[in-house]
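Visitor:
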Amino acid sequence: MALYVVRRLLMLVPMLVGISLLTFAILQVTPGDPAVLMLGQYATPQRIANLREELGLNDPLPVQYGRYVWRALHGDLGRSFRSQRPVIEEILDRFPSTLELTLAALLLSTVAGVATGVIAATVRNRWVDGGIMAGALVGLSIPEFWLGIVLLIVFGIKLKMVSITGGTGLKALILPALTLALAPAAVLARLTRSSVLEVIREDYVRTAWAKGLAGRDVIVSHVLRNALIPVVTVLGLQLAGLLGGTVFIENVFARPGIGRLAVNAIAARDYPLIQGIVLFTAVVYALLNLAVDVLYGFLDPRIRYD
Amino acid sequence: MTNARQAGVAGSQVQPAAKRARQRRSAWRTLRRNPIAMAALVGFVLLILAVILAPLITPIPPNAHDYDHLLEPPTWAHPFGTDDLGRDILSRVLWGGRESLRVAVMAIAVAISGGTVVGLVSGYFGGWVDALIMRIVDVLLAFPSILLLLSIVAALGPNLGTVLIALGVSAIPGFSRLVRGSVLAAKNYEYVTAARVLGASDAYIMFTQILPNIMPPLIIYATVGLGNAILITAGLSYIGLGAQPPSPEWGAMLNAGRTHLRDAWWISVFPGLAIFLAVLFVNLLSDGLRDALDPKLRQ
Amino acid sequence: MSTIPTSRLGHQPRNGPPGDILLQVEDLKKYFPVHRGLFRRHVGDVRAVDGITFDVYRGETLGLVGESGSGKTTVGRTILRLYPPTAGRVLFEGIDLQTLSGKALRRARRRMQMIFQDPYASLNPRMTAGAIVAAPLIIHRVARGREVQERVAELLQLVGLNPGLANCYPHEFSSGQRQRIAIARALALSPEFVVCDEPIAALDVSIQAQVVNLLQSLQEQFALTYLFIAHDLSMVRHISDRVAVMYLGKIVELTDRDSLYTSPLHPYTQALLSAVPIPDPAIERNRERIILPGETPSPVHPPPGCGFHPRCPLADAPCFEAAPEYREVQPGHWVACHRVP
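Chains as they are written, first to last, in the numbering used here: chain A, 314 to 619; chain B, 2 to 300; chain C, 26 to 366.
The following block contains the structure:
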């Protein structure tokens, strides 16, 4: 098990190399001189030249990349062009808000998705099943940022139940988390339903019924434990979807998170900040994914660690 | 052989068109018997037609300002209302669909072509080429695609063309892996060996023997991707990273409507509804295609 | 199977003088590497073909017999260069096929074709019978437009299929008809040499004879040379001029058909022959069956010495130590066994 964790950690290395190359490349392919971007177009050539020297922009690319990686490994992601603050500080200021939203939505979508999926598969009523599946399809197709807007109009403006200008605390979290959770909940409901239906047909479940076990016991002890394996498998994928969703949702609900920071950074061409956000988010995602995989290993004894 | 003349006539009818039609017939028949999928297909085709024929449906240009009718709720003259510049929302939704749908469709086309070439080369030739390509694909699939998407948008600058490239490129790894997996299975079929014995070139084998057999999963994956691409195109425009004002692109319209959430809900509701319907039709069609093309996945 | 057409008697190939060699296989080896572990370490080889030598005469049918896993299919495929050989040479009319590439290889492929075992797997399910037979013509650009259609109709007729069925898909045919389509495809380029890889093994017994007869009449018509692969001796008896028996990647015995069936020298051939039913109840009841103990060893770890010794009823000291030499004990009769004088 420890060996497995070590090996999974080692597998992160190529991914980190890839993501660092990608973020490094952002600045290389973008048109224009970073020094000019930082100082503005009215800066004197002398100042620009000085800054170029200071930033090491005159060095060969591999040297620049090496320095970039070296600094990133020490937590130094550069300074924001706009605020002149260290990028890492900007990110860490905003990170709790995004984490809170993502985890709340993960919890909501998992509970709601699995519950509706199990109900759709086990309740012997085609209207319930059909209704849940139709709802899931709507959930998959609805643009989350638009859903957020509609919810804001209804609950913020018409019913005046929540503030429409952001805010903090649990109350401000409800609408964004609900909005963000809808699509992943729909994916999970569909997956859970088909997975449960598959397991119900297995021989060991038939045996359990034949033994005369009560319906609920069979579902809980025999069906769910096995049907939920694919559900756990897609947790990582769900997390990726949620992180993508925060980019849109944080903007709808004016939440001070990393997604909103990223959008503002791109609009302002604040490249060190963009690079930092992409790198940071990828690392956080990779670590969360690793945690999910290790957890999964504990849950499913069939996983082999070689 | 009983009737040589008849046989001769029939023998000369080996036409590619007839051949292709026959192949698809059974999947098509299954799809046609699925009323929901057919309704979705009709709906999507109507939506495309409405968008293409926008000038015939509504006489008002999408960017025509009418300062006598600002922020009007839906009326007979303006069925979807007007915005803060007096522009007709219906016209803008129809014209905006051209942008949104075109970008999404073209992005998927980029992803399919790129993914098919990469996946075919990787799966067919194998060896170190395959190992190298798949390592890169693994890395790209290992982090959320939104990061790749935002990186490309950041590097190339926010506009609709960038969104097209970013969406297409960031979907290539997924398509590559799908195609490669199917090619790995298909290249060991005996009839592929038979083609090699005949002296067929690698290109002939890839495009005539392998590619037609990997189409079903590719089509299913492409429709799923299309729904997603429509959502992301609009989403990026909504947060200001895609189409820029005064474009009537659906997401850009939602963005423009943000300041009037309090007094003019119609500016935000109708473009969103259009996105929702387009994606819903595509997803329904995708489910239907999955049932028709891949009976194994059927529940 | 006891009634053999008179024209097939004798081991003289009917077409061309004896000694006119079309194909030479010299010490051919084909190993498939076995990899294991994270870094795909090379841990061993499957010795599918482990040094075999034989000639194929123009116009003859050489039967190649062995159990599954003996490497007989790999021999056929390596000859056609579907696999690169690990060692050894294959000469077609004196030209080393390994030296050919690109255009020259494609040209050589026109002269050597293959008929596969499973006519369900070897025909592309998404192509019509007509398109399948037309493929070789189009690949090598030997016909175009109407010519293609005419040639396809001709070929289908040749193998006994109604050319009117050219628009049908493989799944609409019976297995015998499918194999006929595969034969028509193999003949489209007028090859000289055809590897028949167990072409009747997947067919119903009632259809096997029809396909064998078709292959024979096509051989006479077009002076074809066959390498006919099969997994038991009864299948090749009818069609072969000479027969080679393979065991564990090696040829253990090769001779003309009559010598092999009447006076086999290698104990493995004798055992195989004893398993062939004889269509005479009196003899069948009294004949002695040789049952070999054990199973064919793994070609990854072949036994030392003679590969057959763990199962051989005659095995003796030398068999455990050295691989027997493959030698010509009588003119045209080759055998690899220490115990054969």
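The C-beta atom is built at its ideal place from N, Cα and C for all residues, glycine as well.
Is there a Cβ of chain C sitting closer than 8 Å to that of ARG291/B, yes or no?
Guide: Residue numbering aside, residue 291/B sits at position 290 when the second sequence is read from its first letter. No, its Cβ sits nowhere closer than 8 Å to a Cβ of chain C.
Visitor: Looking at chain A, which residues of the region 266-279 of chain B have a Cβ within less than 9 Å of any of its Cβ atoms?
Guide: Against chain A - using a Cβ distance shorter than 9 Å - the residues of the region 266-279 of chain B are TRP266, SER269, VAL270, PRO272, GLY273, LEU274, ILE276, PHE277, LEU278, ALA279.
Visitor: What is the DSSP secondary structure of LEU47/C, counted as helix, strand or coil?
Guide: For the purposes of this step, residue 47/C is identified with residue 22 of the third sequence, where counting begins at 1. Strand at LEU47/C.
Visitor: Taking ARG254/B as part of the alpha helix (DSSP H), name the residues at either end of that continuous run.
Guide: Within the second sequence, the letter at position 253 stands for residue 254/B. In the sequence as displayed, the identity of residue 254/B is Met instead of Arg. Per DSSP, MET254/B belongs to the alpha helix (DSSP H) from 251-258.
Visitor: Excluding the 5 residues preceding and the 5 following ARG114/C in the sequence, name in chain order all residues of the same chain whose CB lies nearer than 6 Å to its CB.
Guide: For the purposes of this step, residue 114/C is identified with residue 89 of the third sequence, where counting begins at 1. Around ARG114/C: GLU51, ASP121.
Visitor: Check distances from the C-beta atoms of the region 123-139 of chain B to those of chain C and list, in chain order, the residues that come in under 9 Å.
Guide: Answer set for the region 123-139 of chain B: empty.
Visitor: Under a Cβ-count criterion, where at least 16 other Cβ atoms within 10 Å of its own Cβ denotes burial, should TYR125/B be classed as buried or exposed?
Guide: Looking up residue 125/B in the second sequence gives position 124. So TYR125/B counts as buried.
Visitor: Residues of the region 157-169 of chain C in Cβ contact with chain B at a cutoff of 7 Å, in chain order, please.
Guide: Answer set for the region 157-169 of chain C: ALA159, ALA160, PRO161, ILE164, HIS165.
Visitor: Does the distance from the CB of ASP292/B to the CB of THR76/B come in under 8 Å?
Guide: Start at 1 with the first residue of the second sequence, and residue 292/B comes out as number 291. Start at 1 with the first residue of the second sequence, and residue 76/B comes out as number 75. Not in contact: ASP292/B and THR76/B (Cβ atoms no closer than 8 Å).
Visitor: Considering Cα atoms alone, identify which of VAL576/A, VAL330/A, ILE571/A, ILE562/A is closest to GLU457/A.
Guide: As a position in the first sequence, residue 457/A is number 144, starting the count at 1. Taking only the C-alpha atoms, the option nearest GLU457/A is ILE562/A.
Visitor: Rounded to the nearest angstrom, how far is the Cβ of ILE173/B from that of GLY82/B, given a contact under 8 Å?
Guide: On the second sequence, position 172 is the one that residue 173/B refers to. On the second sequence, position 81 is the one that residue 82/B refers to. Incorrect: roughly 40 Å between the Cβ atoms, too far for contact.
Visitor: So who's on the other strand from GLU515/A, going by DSSP bridges?
Guide: Within the first sequence, numbered from 1, the residue matching residue 515/A stands at position 202. For GLU515/A, which the question treats as bridged, DSSP gives no partner whatsoever.
Visitor: Determine the chain B residues that contact ALA146/C at a beta-carbon separation under 8 Å, and present them in chain order.
Guide: On the third sequence, residue 146/C is found 121 positions in, with the first residue counted as 1. Within chain B, the residues near ALA146/C are TYR190, GLU191, TYR192.
Visitor: Which runs of the beta strand (DSSP E) fall wholly inside the region 261-342 of chain C and span at least 3 residues, in chain order?
Guide: Complete beta strand (DSSP E) runs here, min 3: 267-272, 275-281.
Visitor: In chain B, which residues lie with their C-beta within 9 Å of the C-beta of PRO456/A?
Guide: Residue mapping note: residue 456/A aligns to position 143 of the first sequence, counting from 1. Residues of chain B passing the Cβ test: ILE231, LEU232, ALA235, GLY236, TYR239, TRP251, GLY252, LEU255, GLY273, ILE276, PHE277, VAL280.
Visitor: For the region 190-197 of chain C and the region 253-262 of chain B, state whether three or more C-beta atom pairs, one from each stretch, are separated by less than 8 Å.
Guide: Short answer: they don't touch.
Visitor: Could you list which residues in chain A have their beta carbon closer than 8 Å to that of ASN48/B, in chain order?
Guide: On the second sequence, position 47 is the one that residue 48/B refers to. Sequence check: residue 48/B is Leu here, not Asn. Residues of chain A passing the Cβ test: none, with the nearest at roughly 13 Å.
Visitor: What does TYR598/A touch in chain B if you count any residue whose Cβ is under 7 Å from its own?
Guide: Position 285 of the first sequence, counted from the first residue, corresponds to residue 598/A. Within 7 Å Cβ-Cβ: PHE144, PRO145.
Visitor: Are the C-beta atoms of ARG23/B and some chain A residue less than 8 Å apart?
Guide: For this step, residue 23/B is matched to residue 22 along the second sequence. Summary for ARG23/B: the model assigns pLDDT 48, below 50, so the residue's position carries little reliability; its value from the coordinates is reported in the next sentence. It does not: the Cβ of ARG23/B has no partner Cβ on chain A nearer than 8 Å.
Visitor: Taking C-alpha atoms, which residue in THR209/B, ALA235/B, ILE215/B, LEU91/B lies nearest to LEU179/B?
Guide: Taking the second sequence and counting its residues from 1, the one referred to as residue 179/B is at position 178. Answer by Cα proximity: ILE215/B.
Visitor: For ALA22/B, does the count of other Cβ atoms within 10 angstroms reach 16, so buried, or fall short, so exposed?
Guide: For the purposes of this step, residue 22/B is taken as the residue at position 21 of the second sequence. In this predicted model, ALA22/B has a pLDDT of only 45, less than 50, meaning its place in the structure is not dependable enough to derive any value.
Visitor: Buried or exposed for LEU552/A, please, with buried defined as at least 16 other CB atoms from any protein chain shown within 10 angstroms of its CB.
Guide: Stepping through the first sequence from its first residue, residue 552/A is reached at position 239. LEU552/A comes out buried.
Visitor: Taking buried to mean at least 16 other C-beta atoms within 10 Å of its own C-beta, is THR287/C buried or exposed?
Guide: Position 262 of the third sequence, counted from the start, is the residue given in the question as residue 287/C. Label assigned to THR287/C: exposed.
Visitor: Measuring alpha carbon to alpha carbon, tell me which residue in ASP530/A, HIS535/A, ILE590/A, LEU501/A is nearest ASP516/A.
Guide: Here residue 516/A refers to the residue found at position 203 of the first sequence. ASP516/A has its Cα closest to that of HIS535/A, out of ASP530/A, HIS535/A, ILE590/A, LEU501/A.
Visitor: Is it buried or exposed for ALA361/C, if we count other Cβ within 10 angstroms and need 16 for buried?
Guide: In the third sequence, residue 361/C corresponds to position 336, counting from 1. Buried.
Visitor: Cβ-heavy atom distance between TYR378/A and the ligand GDP below 7 Å?
Guide: Absence of the ligand GDP is noted for the structure shown, with no ligands found whatsoever.
Visitor: So which of ALA207/C, HIS326/C, LYS275/C, ALA348/C has the shortest CA-CA distance to GLU92/C?
Guide: On the third sequence, position 67 is the one that residue 92/C refers to. Among ALA207/C, HIS326/C, LYS275/C, ALA348/C, the Cα nearest to that of GLU92/C belongs to LYS275/C.
Visitor: Starting from the beta carbon of ASP143/C, find every residue of chain B whose beta carbon is closer than 8 Å, and list them in chain order.
Guide: Counting from one through the third sequence, the residue named residue 143/C turns up at place 118. Simply GLU191.
Visitor: At the 8 Å Cβ level, is GLY277/A part of the contact set with chain B, yes or no?
Guide: Past the edges of chain A, shown from 314 to 619, lies residue 277/A, and the structure says nothing about it.
Visitor: Taking only beta-carbon atoms, is ALA580/A less than 8 Å away from chain B?
Guide: Counting from one through the first sequence, the residue named residue 580/A turns up at place 267. Yes, ALA580/A lies at the interface with chain B (some Cβ there is under 8 Å from its Cβ).
Visitor: Whose Cβ in chain B lies nearer than 7 Å to the Cβ of MET260/C?
Guide: Within the third sequence, numbered from 1, the residue matching residue 260/C stands at position 235. Chain B residues near MET260/C: none, gap ~20 Å exceeds 7 Å.
Visitor: What number of angstroms, rounded off, separates the C-alpha of GLN24/B from the C-alpha of LEU294/B?
Guide: As a position in the second sequence, residue 24/B is number 23, starting the count at 1. As a position in the second sequence, residue 294/B is number 293, starting the count at 1. Note that GLN24/B scores a pLDDT of 47, beneath 50, so its modelled location is shaky and nothing firm can be said.
Visitor: To the nearest angstrom, how far is the alpha carbon of LEU50/B from that of THR209/B?
Guide: On the second sequence, position 49 is the one that residue 50/B refers to. On the second sequence, position 208 is the one that residue 209/B refers to. Cα-Cα distance, rounded: 33 Å.
Visitor: For PRO327/A, which residues in chain B fall below 8 Å Cβ to Cβ?
Guide: Taking the first sequence and counting its residues from 1, the one referred to as residue 327/A is at position 14. Result: ARG136, ASP139, VAL140.
Visitor: Rounded to the nearest angstrom, what separates ASP389/A and LEU322/A at their Cα positions?
Guide: In the first sequence, the residue the question calls residue 389/A occupies position 76. In the first sequence, the residue the question calls residue 322/A occupies position 9. So the two alpha carbons sit approximately 22 Å from each other.
Visitor: Any chance you could list the beta strand (DSSP E) runs of at least 3 consecutive residues sitting entirely within the region 104-151 of chain C, in chain order?
Guide: Fully enclosed beta strand (DSSP E) runs of 3 or longer: 112-117, 137-140.
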